[in-house]
Amino acid sequence: AQSVTQPDIHITVSEGASLELRCNYSYGATPYLFWYVQSPGQGLQLLLKYFSGDTLVQGIKGFEAEFKRSQSSFNLRKPSVHWSDAAEYFCAVGGGDYKLSFGAGTTVTVRA
Amino acid sequence: DTEVTQTPKHLVMGMTNKKSLKCEQHMGHRAMYWYKQKAKKPPELMFVYSYEKLSINESVPSRFSPECPNSSLLNLHLHALQPEDSALYLCASSQEGRGTETQYFGPGTRLLVL
Chain A
966 AQSVTQPDIH
976 ITVSEGASLE
986 LRCNYSYGAT
996 PYLFWYVQSP
1006 GQGLQLLLKY
1016 FSGDTLVQGI
1026 KGFEAEFKRS
1036 QSSFNLRKPS
1046 VHWSDAAEYF
1056 CAVGGGDYKL
1066 SFGAGTTVTV
1076 RA
Chain B
5 DTEVTQTPKH
15 LVMGMTNKKS
25 LKCEQHMGHR
35 AMYWYKQKAK
45 KPPELMFVYS
55 YEKLSINESV
65 PSRFSPECPN
75 SSLLNLHLHA
85 LQPEDSALYL
95 CASSQEGRGT
105 ETQYFGPGTR
115 LLVL
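The listed protein sequences derive, respectively, from chains A and B.
Using the working numbering, read the first sequence as starting at 966 and increasing by one per residue.
Using the working numbering, read the second sequence as starting at 5 and increasing by one per residue.
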């Protein structure tokens, strides 16, 4: 069975500082990995995804993520956060069946 | 265009009411999903339709009844709900319903059951 762990429940970062959100997955075969962002009261927006190829993936809003098979990780990064990046971030893994398995989410607070 | 639309945006209903949530996509996707999301939690899958047929029901109580009139539309009929059913209900779509596909989510319907 596939699963995702997001070790950080809540991260606070200053505006302009860098951000890194951790994601560890468990899946026996090649994982299909996703990062979604959810602003308060909104739906989930896809930030980026990894299926194969280059292990450094660029997404929208200046985000990138790096797939590391040896560490079973898919961490999300942004060099300089903006106040509008305050949101809930979900990592998800897809695979052999119909399901996406989501992590518990990380809440990002941006302070001025 | 990667838009999934949902109506209504908010819904308040009593425990004896009957209401419906609506979801629409025009991306040509053949799979559509209903999720339930409680505050500060990840979405929980409820139903999956693939090619207009119900393919997955994640043991959802019968007071939730999904319907897929065509490949672009997905409804969720609600009847005799409980206060604990209050949540954000999200619709999503993907190409065919495989776990390797990108799912695109709508903005959700915020449901309050009194």
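From the three backbone atoms N, C-alpha and C, an ideal C-beta is built for every residue, glycine too.
Keep in mind that this is a model prediction, so the values were computed, not measured.
Give me the chain B residues within the contact set of Phe1055/A, using Cβ-Cβ distance strictly less than 7 Å, ordered along the chain.
Residue mapping note: residue 1055/A aligns to position 90 of the first sequence, counting from 1. Going along chain B in sequence order, the residues near Phe1055/A (Cβ under 7 Å) are Pro46.
Whose C-beta lies closer than 7 Å to the C-beta of Val117/B among residues of the same chain, with five residues either side of it excluded?
For this step, residue 117/B is matched to residue 113 along the second sequence. Within the same chain, Val117/B has close Cβ partners Met17, Met19, Leu85, Gln86, Pro87, Asp89, Ser90.
Taking 8 Å as the limit between beta carbons, can you name the residues of its chain near Ser983/A, skipping five residues before and five after?
Your numbering for residue 983/A matches position 18 in the first sequence. Only Arg1042, Lys1043, Pro1044, Ser1045, Val1046 meet the Cβ criterion.
Using beta carbons (cut-off 8 Å, strictly below), is Leu49/B in contact with chain A?
Within the second sequence, the letter at position 45 stands for residue 49/B. For Leu49/B, the answer is yes, since a Cβ of chain A falls inside 8 Å of its Cβ.
Determine, for Gly112/B, whether the minimum Cβ-Cβ distance to residues of chain A falls below 8 Å.
For this step, residue 112/B is matched to residue 108 along the second sequence. By this cut-off, Gly112/B is an interface position.
In angstroms with no decimal places, state the Cα-to-Cα distance between Lys23/B and Gln1003/A.
Residue numbering aside, residue 23/B sits at position 19 when the second sequence is read from its first letter. Residue numbering aside, residue 1003/A sits at position 38 when the first sequence is read from its first letter. Those two C-alpha atoms are separated by around 26 Å.
Scan the stretch 1000 to 1024 of chain A for residues whose Cβ lies nearer than 8 Å to a Cβ of chain B and list them as they occur along the chain.
Listed in sequence order: Tyr1001, Gly1006, Gln1007, Gly1008, Leu1009, Gln1010, Leu1011, Lys1014, Phe1016.
Which residues in chain B sit within 9 Å of Tyr990/A, going by Cβ to Cβ distance?
As a first step, residue 990/A is located in the first sequence; it is residue number 25 there, counting from the start. Residues of chain B passing the Cβ test: none, with the nearest at roughly 13 Å.
Is the shortest distance between the beta-carbon of Ala1069/A and the beta-carbons of chain B less than 8 Å?
Counting from 1 along the first sequence, the entry for residue 1069/A is found at position 104. Ala1069/A counts as touching chain B.
Between Ala966/A and the ligand GDP, is there a pair consisting of the residue's CB and a ligand heavy atom that are separated by less than 7 Å?
For the structure depicted, the ligand GDP is absent and the ligand set is empty, with no information on it obtainable.
Shorter than 8 Å from the beta carbon of Asp973/A to some beta carbon of chain B?
Numbered from 1 along the first sequence, position 8 holds the residue referred to as residue 973/A. Asp973/A does not count as touching chain B.
Roughly how many whole angstroms lie between the Cα atoms of Phe1055/A and Tyr997/A?
Taking the first residue of the first sequence as 1, we reach residue 1055/A at position 90. Taking the first residue of the first sequence as 1, we reach residue 997/A at position 32. Between Phe1055/A and Tyr997/A, the C-alpha separation is close to 14 Å.
To the nearest angstrom, how far is the alpha carbon of Leu1013/A from that of Phe68/B?
On the first sequence, residue 1013/A is found 48 positions in, with the first residue counted as 1. On the second sequence, residue 68/B is found 64 positions in, with the first residue counted as 1. Going from the Cα of Leu1013/A to the Cα of Phe68/B covers about 32 Å.
What in chain B is Cβ-close to Asp1050/A, meaning under 9 Å?
Here residue 1050/A corresponds to residue number 85 of the first sequence, with the count starting at 1. Correct list: empty, because the minimum Cβ distance to chain B is about 18 Å.
What is the DSSP secondary structure of Ile1025/A, counted as helix, strand or coil?
On the first sequence, residue 1025/A is found 60 positions in, with the first residue counted as 1. Of the three classes helix, strand and coil, the one that applies to Ile1025/A here is helix, per DSSP.
Measuring alpha carbon to alpha carbon, tell me which of Arg987/A, Ile974/A, Val969/A ends up nearest Lys44/B.
Within the second sequence, numbered from 1, the residue matching residue 44/B stands at position 40. When only C-alpha atoms are compared, the closest one is Ile974/A.
Among Gln29/B, Pro46/B, Asn21/B, Tyr108/B, which one has its Cα closest to the Cα of Ser75/B?
As a working note, residue 75/B is residue 71 in the second sequence. Selected option, being the one with the closest Cα: Gln29/B.
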